[in-house]
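Student: Dropping the structure in here first, questions after.
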Amino acid sequence: MSRKLSINKASRILYPIYIEHSFENLSSCLNELELQDRKICIVTDSNVEKLYGEEVQKAASASAGKVVLYTMTAGEEHKTLDTVKDLYAFLIEEHFDRKDLLVALGGGVVGDLCGYAAATYLRGIDFVQIPTTLLSQTDSSIGGKTGVDFDSYKNMVGAFHMPRLVYMNMSVLKSLDNRQFASGMAEVLKHGLIRDGVFYEWLIDHFPEINEKDTEILEEMIYRSCQIKKSVVEKDPTEKGERALLNLGHTIGHAIEKYMDFKYLHGECVALGCIGAAYISYKRNMIPMEEYYEIRDMFVPFSLPISISEGNPEEILNLTKSDKKMDGSHVKFILLKKVGKAVIDTTVTDEEITAAIEELIYKEEV
Ligand code: GLY
1 MSRKLSINKA SRILYPIYIE HSFENLSSCL NELELQDRKI CIVTDSNVEK LYGEEVQKAA
61 SASAGKVVLY TMTAGEEHKT LDTVKDLYAF LIEEHFDRKD LLVALGGGVV GDLCGYAAAT
121 YLRGIDFVQI PTTLLSQTDS SIGGKTGVDF DSYKNMVGAF HMPRLVYMNM SVLKSLDNRQ
181 FASGMAEVLK HGLIRDGVFY EWLIDHFPEI NEKDTEILEE MIYRSCQIKK SVVEKDPTEK
241 GERALLNLGH TIGHAIEKYM DFKYLHGECV ALGCIGAAYI SYKRNMIPME EYYEIRDMFV
301 PFSLPISISE GNPEEILNLT KSDKKMDGSH VKFILLKKVG KAVIDTTVTD EEITAAIEEL
361 IYKEEV
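As numbered in the working numbering, residues 1 to 366 make up the sequence shown, in order.
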């Protein structure tokens, strides 16, 4: 069975999210965009091209006038303005105009970078997301956040630009390495924590099937996770308010990601950041101590870290200051009132953040 969700007009553009089991229906989905006289540039990376480049190019060729492929080098370190510049040059060379379309085929790095190029090339052209990691399927491909890193600042330059459609082929997850899969699970668990306690419990109950990548369970999980993301971004597409809830775990998480020089995957850092946020919530008596420990320990069955072996809390704290999630001089921190209910708080102090980071640093039991 395939499934479909639609993001509604409140987010400025109506677009479908197809949850499929293969690329078989990609061509008919692209046909909805009436591309017969248009060109498509598939933007992908050196890893994904080898796996799915040919198949997706074939499906796109059945729908569009001409299809070209742009392959960037894989890796977060290439999510830069230099790569965007190179892509612009390629599009100019290939005579891409406003009617033409970009297709992001890959994980979050490709999706964010391609989306940003689409948002800015000729003041904005259409693009489609074909996310190939669990993280990009459940989070980054939905909601129109696009951008690149700038120096050591993650996603510092970007734009909101909604895709025309999102096409997920869940079968690609079978070939995803376990660490990448776990990284995506952190965002899925995050969606449960912020919005839906019943879904969170369902994830915990089904962790063996999820880890085995059982097709039906994955479909249910991705569908429900996308529903949560969709409901948040529909109400607040440009993050004026409640969309910030999706940043649970990201203030401390991004800081650890930078501190570790990107040796930890994004989702691994989000898991650590969620634990930090749960710790502050517990210390403020917003959730009981048992709930904090339960939240922390429930990342373990999904192969996510719950501590770092070493770290300098002061340096990590300083890295939280360069994050985008600031409101004036205050960090817009996301705390938990309970599993399934997150709140925005601008009063979290440096001392509280430091204590949470210290809690995350592994201590030998005595
Ligand atoms: N990943 C957070 C958001 O899309 O707002």
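Heads up, the beta-carbon is just placed ideally off N, CA and C, and yes, glycines get one too.
Can you give me the Cβ contacts of D37 inside the same chain, cut-off strictly under 8 Å, excluding the 5 residues immediately before and after it?
Tutor: Hits under 8 Å: G65, K99.
Student: Going by C-alpha to C-alpha distance, which of R224, D196, D149, A119 sits closest to K337?
Tutor: The shortest C-alpha separation from K337 is found at D196.
Student: Below 8 Å on the Cβ atoms is my guess for Y167 versus Y18; work out the distance and round it to an integer in Å.
Tutor: Contact holds; Cβ gap of about 5 Å.
Student: Does the separation of the CB atoms of V128 and V148 fall below 7 Å?
Tutor: Cβ atoms of V128 and V148: not closer than 7 Å.
Student: So, helix, strand or coil for L165, using DSSP?
Tutor: Strand.
Student: When we look at the beta-carbon of K50 and count the other beta-carbons within 10 Å, is it buried (16 or more) or exposed?
Tutor: Exposed is the call here.
Student: What number of angstroms, rounded off, separates the C-alpha of T354 from the C-alpha of V348?
Tutor: In a straight line, the C-alpha of T354 is about 11 Å away from that of V348.
Student: What's the C-alpha gap between L246 and K263?
Tutor: Each residue's alpha carbon lies about 23 Å from the other.
Student: If distances are taken between C-alpha atoms only, which option among W202, A277, S63 comes closest to V320?
Tutor: In the sequence as presented, Val is not what sits at residue 320; that position holds Thr. The candidate whose alpha carbon is nearest that of T320 is A277.
Student: For the candidate residues G340, V339, D345, whose alpha-carbon lies nearest to that of V331?
Tutor: The option with the nearest alpha carbon to V331 is D345.
Student: Please identify the residue among F23, M1, N318 whose C-alpha is closest to the C-alpha of N169.
Tutor: Comparing Cα positions, the closest option is F23.
Student: Just to confirm, is the Cβ distance from A342 to I142 under 7 Å?
Tutor: In this structure, I142 does not lie closer than 7 Å to A342 by Cβ.
Student: Measure the Cβ-Cβ separation of V84 and C41 and say whether it is below 7 Å.
Tutor: Taking 7 Å as the Cβ cut-off, V84 and C41 do not qualify as a contacting pair.
Student: Y279 and A356 - do their beta-carbons sit closer together than 7 Å?
Tutor: Yes. Within cutoff.
Student: Compute the minimum distance between the beta carbon of R243 and the heavy atoms of ligand 3, and state whether it is under 6 Å.
Tutor: Among the ligands in the structure shown, ligand 3 does not appear; only ligand 1 can be found there.
Student: Quick check on DSSP: helix, strand or coil for D126?
Tutor: Strand at D126.
Student: Which same chain residues, not among the five before or five after I204, have their C-beta less than 6 Å away from its C-beta?
Tutor: Closer than 6 Å at the Cβ level, and outside the excluded window around I204, lie M298.
Student: What is the rounded straight-line gap between the Cα of E351 and the Cα of E364?
Tutor: If you take the alpha carbons of E351 and E364, they lie about 23 Å apart.
Student: Rounded to a whole number of angstroms, what is the C-alpha to C-alpha distance between N31 and E54?
Tutor: Answer to the nearest angstrom: the Cα atoms are 18 Å apart.
Student: Considering only the alpha carbon of each residue, which of R243, S307, G340 lies closest to I287?
Tutor: Here the closest residue by C-alpha is G340.
Student: Regarding L173 and ligand 1, is the C-beta to nearest heavy atom distance less than 6 Å?
Tutor: Flag unset: Cβ of L173 not near ligand 1.
Student: Between which residues of its own chain and K9 is the CB-CB distance below 8 Å, once the five residues before and five after are set aside?
Tutor: Annotation note: pLDDT 48 at K9 (below 50); position unreliable, no value reported.
Student: Give a single yes or no on whether D139 has its beta carbon closer than 6 Å to a heavy atom of ligand 1.
Tutor: Flag set: Cβ of D139 near ligand 1.
Student: For the alpha helix (DSSP H) that F262 lies in, which residues bound it at each end?
Tutor: Unbroken run through F262: none, as it is neither H nor E.
Student: Taking only the alpha-carbon atoms, compute the straight-line gap between E220 and M162 and give it to the nearest angstrom.
Tutor: For E220 and M162, the distance between alpha carbons rounds to 24 Å.
Student: Which partner residues of P131 appear in the DSSP bridge assignment?
Tutor: According to DSSP, P131 bridges with G106.
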